[in-house]
Amino acid sequence: MRILRFFSEGGPAWGLLEGDAIIELEGDLFEGYGATSRVHPLAQAALLPPVRPQKIVALATNFAPHAAEMKTAVPDEPRIFLKAPSALIGHRGVIRLPPHAGRVEHEAEAAAVIGKRARFVREEEALSVVLGLTAFNDVTARELQRRDGVFGRAKGFDTFAPCGPWIDTEALWEDLRVECRVNGELRQSARLSEMIFPLPRVIAFVSRVMTLEPGDIIALGTPAGVGPLVDGDTVEVRLDGVGALENPVQAS
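For any residue, its number in my numbering is found by taking its place in the sequence shown, counting from 1, and adding 1.
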């Protein structure tokens, strides 16, 4: 099942993707919903970020080759940080480059969307709290990251968290490949099975730190090949078998 959010006539709405059509849902994804008779063409829909999370938890250094390119040691346990929910944009939303940010880079990632409240989850049960998977771009002002020594400003600008286009509730994380293309050129490519910390361990680890709420996003880290985004670019993050998240880039 593929679930998305989009602009309907009455405002933001949940939808179920069936082929090239969106079946509009009524109710709340996490508290109970049902299908309506309203159907919308996917090609004409303005897609929103697939959830409105209380928090976005992200992983630093979850692929060894990326650790090498960043000249960072491979960690012994997941290194997590928070990214501002106000940075979220959806499929085809515009990434805006702040004039004072310096070099801005793409970081293609898979992300898990939490489906139910969870705290102190055991690793063997961790996947039971996951609603599904989606594509994510952890856009980063690299010069600011290096200058600040922390991630908050560099990764927190508005539009620096593209996510979508939808949530796939049936995708098997071990089988997925995440790729990034800029203007059609392949920049990043890796299988999620190559992650240092697999998805169940990440969920269990984060749940020992903070309560996970329905709709929260956990971005699982980026592979090697991060690179610059400039005015006029189009960046695509693709999860094979799930979908492709595409965003134009514009200078502010």
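Think of the CB as a built atom: it goes at the ideal place given N, C-alpha and C, for glycine as much as any other residue.
Proximal residues to residue i (C-beta, below 8 Å), its chain only, five neighbours per side dropped
i: Arg104; result: Ala142, Arg143, Glu144, Pro229
i: Ile81; result: Val58, Ala59, Leu60, Ala61, Phe206, Val207, Val210
i: Ser255; result: Residue 255 falls outside the range modelled here, since the chain spans only 2 to 253, and no answer is possible.
i: Val75; result: Thr62, Ala65, Ala68, Ile197
i: Arg39; result: Ser9, Ile24, Glu25
Residue environment, residue i, which counts as buried when at least 16 other CB atoms sit within 10 Å
i: Leu48; result: buried
i: Arg118; result: exposed
i: Asp29; result: exposed
i: Thr160; result: buried
i: Glu110; result: buried
i: Gly100; result: Per the sequence shown, the amino acid found at residue 100 is Pro instead of Gly. It counts as exposed.
i: Asn267; result: Any answer about residue 267 is impossible in this case: the structure gives the chain only from 2 up to 253.
i: Leu5; result: buried
i: Leu187; result: exposed
Residue nearest to residue i in terms of C-alpha spacing, selected from the options
i: Gly94; options: Ala162, Gly244, Glu25; result: Ala162
i: Gly244; options: Val130, Ile24, Val179; result: Val179
i: Gly12; options: Ile4, Gly20, Glu25, Leu18; result: Glu25
i: Gly16; options: Glu32, His41, Gly33, Phe31; result: His41
i: Val130; options: Leu213, Asp232, Val227; result: Leu213
i: Arg182; options: Gly153, Glu237, Ile197, Arg154; result: Glu237
i: Asp21; options: Phe137, Ala46, Ile204; result: Ala46
i: Pro283; options: Gly91, Ala69, Glu10; result: Residue 283 is absent from the model: the chain starts at 2 and stops at 253.
i: Ser87; options: Ala14, Cys164, Glu124, Met71; result: Cys164
i: Lys72; options: Ala127, Phe7, Arg147, Ser9; result: Arg147
i: Pro201; options: Glu125, Ala191, Phe7, Phe31; result: Glu125
i: Phe31; options: Gly116, Glu19, Arg39; result: Gly116
i: Ala112; options: Glu186, Phe7, Pro199; result: Pro199
Beta-carbon proximity check, residue i vs residue j, cutoff 9 Å
i: Ala102; j: Phe158; result: yes
i: Leu177; j: Asp241; result: yes
i: Leu134; j: Asp169; result: yes
i: Asp56; j: Leu83; result: Note that residue 56 is Lys in the sequence shown, not Asp. Yes, these two residues count as a Cβ contact at 9 Å.
i: Ala1; j: Leu246; result: Because the chain is modelled from 2 through 253, residue 1 falls outside the range shown and cannot be assessed.
i: Val140; j: Glu171; result: no
i: Ile96; j: Val227; result: no
i: Val122; j: Ile23; result: no
Spatial neighbours of residue i in its chain, beta-carbon cut-off 6 Å, leaving aside the 5 residues before and after
i: Pro66; result: Ala225
i: Val52; result: Val114, Gly216
i: Ala252; result: Leu98, Asp232
i: Pro54; result: Pro86, Gly216, Asp217, Ile218
i: Arg120; result: Ser208, Thr212
i: Glu175; result: Ser194
i: Ala127; result: Pro201, Ile204, Ala205
i: Met2; result: Thr170
i: Glu70; result: Ala225
i: Arg192; result: Arg178
Same chain, Cβ closer than 7 Å to residue i, neighbours up to 5 away in sequence not counted
i: Glu1; result: Any answer about residue 1 is impossible in this case: the structure gives the chain only from 2 up to 253.
i: Met196; result: Asn63, Phe64, Leu221, Gly222
i: Leu132; result: Val114, Ile115, Gly116, Ile168, Thr170
i: Glu106; result: Thr141, Arg143, Val227, Gly228, Pro229, Leu230
i: Asp234; result: Val183, Asn184, Val250
Mind listing, in chain order, the continuous beta strand (DSSP E) runs of no fewer than 3 residues lying wholly within the region 65-127? 80-84, 96-98, 105-107, 109-115
Which runs of the beta strand (DSSP E) fall wholly inside the region 218-251 and span at least 3 residues, in chain order? 218-220, 235-240
Run through the region 150-175 for me and flag every whole beta strand (DSSP E) of 3 or more residues, listed as ranges in chain order. 162-169
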